[in-house]
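Enquirer: Sharing a structure with you now.
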Amino acid sequence: MSGQSSPFAHALKDAALATLIVAGIGFPVVAYRADPDFNNALALTSRWPLFFIFCGLGFALRFGLSLWGARKKPSQAAPAAHTSAKRGWLPPLGLLAILAYPLVMLAVMGPQGALKWVDTYGVQILLYILLGWGLNITVGLAGLLDLGYVAFYAVGAYGYALLAPMTGLSFWALLPICGALAAFWGFCIGFPILRLRGDYLAIVTLAFAEIVRIVLVNWDVVTHGEAGLFGFPGVSFFGLPFIPGPRGFDAHFGFKFAGVHKLIFLYYLVLALAILANFVSIRLRRLPLGRAWEALREDEIACRALGLDTANIKLTAFALGAFFAGVAGCLFALRQGFVSPSSFTFTESATILAIVVLGGRGSQVGVAMAAVLIVGASELLRELTFLKAIFGQDFDPTQYRMLLVGMAMVAMMNFRPRGLVSSREPTIVLKEAEAPV
Amino acid sequence: MTAPRWIADPLLQVDRLTMRFGGLVAVNNVSFAAGRGDITALIGPNGAGKTTLFNCLTGFYKPTVGRIAFSRGGLDVERIEALTATSAKYSSAKNAQDMGEGIYLLERMADHEIAKKARVARTFQNIRLFPGMSALENLIVAQHVALARASGLSVFGLLGLPSWRRAERDAVALAEKWLARIGLRHRANDPAGALPYGDQRRLEIARAMCSGPALLCLDEPAAGLNANESAGLASLLRDIRDEGETSILLIEHDMSVVMAISDHLVVLDYGQKIADGAPAEVRENPAVIAAYLGVEDAEVDAVESDILAGDPR
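In order, the protein sequence lines correspond to chains A and B.
Residues in the first sequence are numbered from 31 upward in steps of one, following this note's numbering.
Residues in the second sequence are numbered from 156 upward in steps of one, following this note's numbering.
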């Protein structure tokens, strides 16, 4: 960039170029709309106003961004102040809030109104946090780009849905079994791709996830295809099922039957498992295995030169990440009471990966925050029914979910390219190292 | 006059090593030995095949032909031959009653096995640290083999057993010792990638040393260092040798460093060994002088006229 041209002129040039690109992309996509008419021939409808709105938006956005960037540039040269996170009281308070959340919702909304809040905003988000933490091991720590994570989630869910009626085991026994099944598949997929890295690895894992989904769709005898599996036993409270009637949980404790009780129990169950998973990940990170994962992400050749068996290290990262997904899948089956292949599409993998990338690869807190943001925000879109009054009855805010996630990703890449929590804390610190000797 | 150490007490013996990439012969029938407790320097003009040879030694390449025998306890021809006749990669210490140390045939082993079992560590021409991890963590990862055993497949570590804590404390102490030795103790918690170039070079050597190697292979450790840093490096390497645990094999272009510290020089040119001996002898060797400085015009003319005479066009 030449020093002579003013930032304004530069921004203008930049914005003009951006507009040209928008126009180039927009012309075939926006400017004309092709619909079959009554004779089933294509009729072109021009949408020039919309086209110009897009171009204008592109111009304004790019112009604003470049001006803002030019203004910000000098400050970037200054070293970023080292902010040590002071959060002594925050974690216990946060945990208390999370623990109290379903009970507060129950008290405020009543057993019917709390259903949605405990289920979609509670259990669902926690499940995504658990998934995010699992994928964080594979992608965040070990640096193995896994686009097929949902396959392990599916293994866990179908594992429970098939094994529960077949074996008659309770979900407590099946939870680790589902995890182990998924870990086994993680191992199996890990073997052939040990030599692959980066893009190639991503493509193979993507293909693996599709294979699993297609098997689930077509293996009618076992999986009932698209119709899915249901009617398997649900969650129970130490042997007491959550059902109406004298043998159920509510009758035993003298409560009035309410469906939300089951969800509250599930909420605490998922929460406990997520906390356990978090504890294990944090501890593992400080162990040789965890350090080896991070070293593998940083430089595989150097790892081998130091005697690290990179094959084993990759396999453990795959298997442990898959284990978490298997447990999450089992919990998913319990929550839904119904599993079908449509729950395990690529979009699901992409969402979980987005959570990890948005949160900051390797950061536990960041991943949890990103899960709340992405899943919570897309669920909140359903609540925005008042927008129909503005945009008309046809307006459906949920249709804009992926668009918003995409925009959030672009914004992240621009402003915080390493995720919400980008600072990496060393796994071990040498005390009194600060003073130069 | 006694035999030089690389003949009397070799630690590494390379026999007729050839590495071919398609039609290109990068290393051609090279044999040499490195003495236990020596600093052996591998020198030669650019493209002579030094790094390829290094990659064969450390298992990153599988040599096309040849044998690389290594033992911490000293090599003996009969045992090497006996092991070569079997399909084993190494004779474990248990089988080797006579010496108490196993023999490793490096050309049969995978790269990480060479580092882990034979304890041959290496550095790279273009530094390969773990840039996002702190200097201390780099040195801890180097002790992975010992630490992983102490952490009992992570189970003991997850439970926080005392045996694991002790192992980790020892590892930190060793890392701290090396950080102090290379003058980087005050930067222990900084990401390795943020250190200045010269510090990164030294940190990479410290990392290799933390893995407790019997042979340390250094690929151009003085590249990009200033005169002051080169002198510091030379004294560091000499100290490592004098401590007696680790022998050194290095590739280096900086002749002031090579001549100051090495006990033994092996010179390669166009993939072939052209000289092998003590620094003083090699320095006088006409083939080496020709490879480095070129030859007199008269000699070139002589060669050209020979060619023309043999092949009249």
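The C-beta atom is built at its ideal place from N, Cα and C for all residues, glycine as well.
Note that the coordinates shown come from a computational prediction; the quantities given were computed from them, not determined experimentally.
Between Gly162(A) and Val369(A), what straight-line distance do the alpha-carbon atoms span, to the nearest angstrom?
Expert: Whole-angstrom Cα-Cα distance: 20 Å.
Enquirer: With H, G and I counted as helix, E and B as strand and the rest as coil, what does DSSP make of Met174(B)?
Expert: strand
Enquirer: Beta-carbon of Pro206(A) versus every beta-carbon of chain B: anything under 8 Å?
Expert: no
Enquirer: According to DSSP, is Asn383(B) helix, strand or coil?
Expert: helix
Enquirer: Ser186(B) and Asp164(B): beta carbons closer than 8 Å?
Expert: Contact check for Ser186(B) against Asp164(B) fails: the beta carbons are separated by 8 Å or more.
Enquirer: Compute the distance between the beta-carbons of Ser366(B) and Ala276(B), then report whether it is under 8 Å.
Expert: Yes, the Cβ-Cβ distance between Ser366(B) and Ala276(B) is below 8 Å.
Enquirer: Closest by CA to Ala303(B), which one among Phe416(A), Lys292(A), Leu317(A)?
Expert: Leu317(A)
Enquirer: Work out the CA separation of Leu129(A) and Pro122(A) for me, nearest whole Å.
Expert: 10 Å
Enquirer: So, Ser1(A) versus Ile167(A), is the Cβ gap smaller than 8 Å?
Expert: With chain A covering only 31 through 467, there is no way to say anything about residue 1(A).
Enquirer: Could you name the residues of chain A that Lys271(B) contacts, counting a contact when the two beta carbons are closer than 7 Å?
Expert: Gly337
Enquirer: What's the C-alpha gap between Gly436(A) and Arg336(B)?
Expert: When rounded, the separation of the alpha-carbon atoms in Gly436(A) and Arg336(B) is 50 Å.
Enquirer: Report the neighbours of Asp424(A) on chain B: residues whose CB is nearer than 9 Å to its CB, in chain order.
Expert: Residues of chain B with a Cβ closer than 9 Å to the Cβ of Asp424(A) do not exist; the shortest Cβ-Cβ separation is about 49 Å.
Enquirer: From Ala347(B) to Thr457(A), what does the alpha carbon distance come to, in whole angstroms?
Expert: 14 Å
Enquirer: Within its chain, find whatever has a CB closer than 6 Å to the CB of Leu291(B); leave out the 5 residues flanking it on each side and keep chain order.
Expert: Ala330, Ala343
Enquirer: In this structure, how does DSSP classify Ala472(B) when only helix, strand and coil are distinguished?
Expert: Any answer about residue 472(B) is impossible in this case: the structure gives chain B only from 156 up to 468.
Enquirer: His267(B): buried (16+ other C-beta within 10 angstroms of its C-beta) or exposed?
Expert: buried
Enquirer: Excluding the five sequence neighbours on either side, which residues of its own chain have a C-beta within less than 6 Å of the C-beta of Ile406(B), listed in chain order?
Expert: Leu197, Lys205, Asp374, Glu375
Enquirer: Using the Cβ count rule (16 or more neighbours within 10 Å means buried), how would you classify Lys344(A)?
Expert: Its Cβ being crowded by 16 or more others within 10 Å, Lys344(A) is buried.
Enquirer: I think Phe182(A) touches Ala355(A), with their Cβ atoms under 8 Å apart; what is that distance to the nearest whole Å?
Expert: 4 Å
Enquirer: Using 8 Å as the limit for Cβ to Cβ distance, is Gly312(B) near chain A?
Expert: Closer than 8 Å: yes.
Enquirer: For a quick check, are the C-beta atoms of Ile258(B) and Ala224(B) less than 8 Å apart?
Expert: Yes. Within cutoff.
Enquirer: Using 8 Å as the limit for Cβ to Cβ distance, is Pro456(A) near chain B?
Expert: Any Cβ of chain B closer than 8 Å to the Cβ of Pro456(A) would place that residue at the interface, and such an atom is present.
Enquirer: Check whether chain B comes within 8 Å of Ala15(A), counting only Cβ atoms and requiring the distance to be less than that.
Expert: This structure cannot settle anything about residue 15(A), because the visible part of chain A is limited to 31 through 467.
Enquirer: Would you list, in sequence order, the uninterrupted alpha helix (DSSP H) runs of no fewer than 4 residues that lie entirely inside the stretch 266-294 of chain A?
Expert: Entirely contained in the stretch 266-294 of chain A, the alpha helix (DSSP H) runs reaching 4 residues are, in chain order, 279-283.
Enquirer: Between Ser331(A) and chain B, is there a C-beta pair that is closer than 8 Å?
Expert: Residue identity check: residue 331(A) is Ile in the sequence provided, not Ser. Chain B contact via Cβ: present.
Enquirer: Below 7 Å, is the gap between the Cβ of Ala358(A) and the nearest heavy atom of the ligand MN?
Expert: Ligands in the displayed structure: none, and consequently the ligand MN is not present.
Enquirer: Which residue marks the beginning of the beta strand (DSSP E) containing Gln423(A), and which one marks its end?
Expert: Premise fails: Gln423(A) is in no beta strand (DSSP E) and is neither H nor E.
Enquirer: Evaluate contact between the stretch 398-407 of chain A and the stretch 383-390 of chain A, counting only Cβ atoms and requiring at least three cross-stretch pairs below 8 Å.
Expert: With three or more CB-CB distances shorter than 8 Å, the stretch 398-407 of chain A counts as touching the stretch 383-390 of chain A.
Enquirer: Looking at Asp431(B) and Pro200(B), is the spacing between their C-beta atoms short of 8 Å?
Expert: no
Enquirer: Only counting the same chain, and skipping five residues up and downstream in sequence, which positions put a Cβ closer than 7 Å to that of Phe267(A)?
Expert: Result list for Phe267(A): Phe279, Phe295, in chain order.
Enquirer: Rounded to the nearest angstrom, what separates Leu410(A) and Arg431(A) at their Cα positions?
Expert: C-alpha separation (whole angstroms): 10 Å.
Enquirer: Go through its chain and collect everything with a Cβ distance to Glu324(A)'s Cβ below 6 Å, but skip five positions before and after it.
Expert: Leu171
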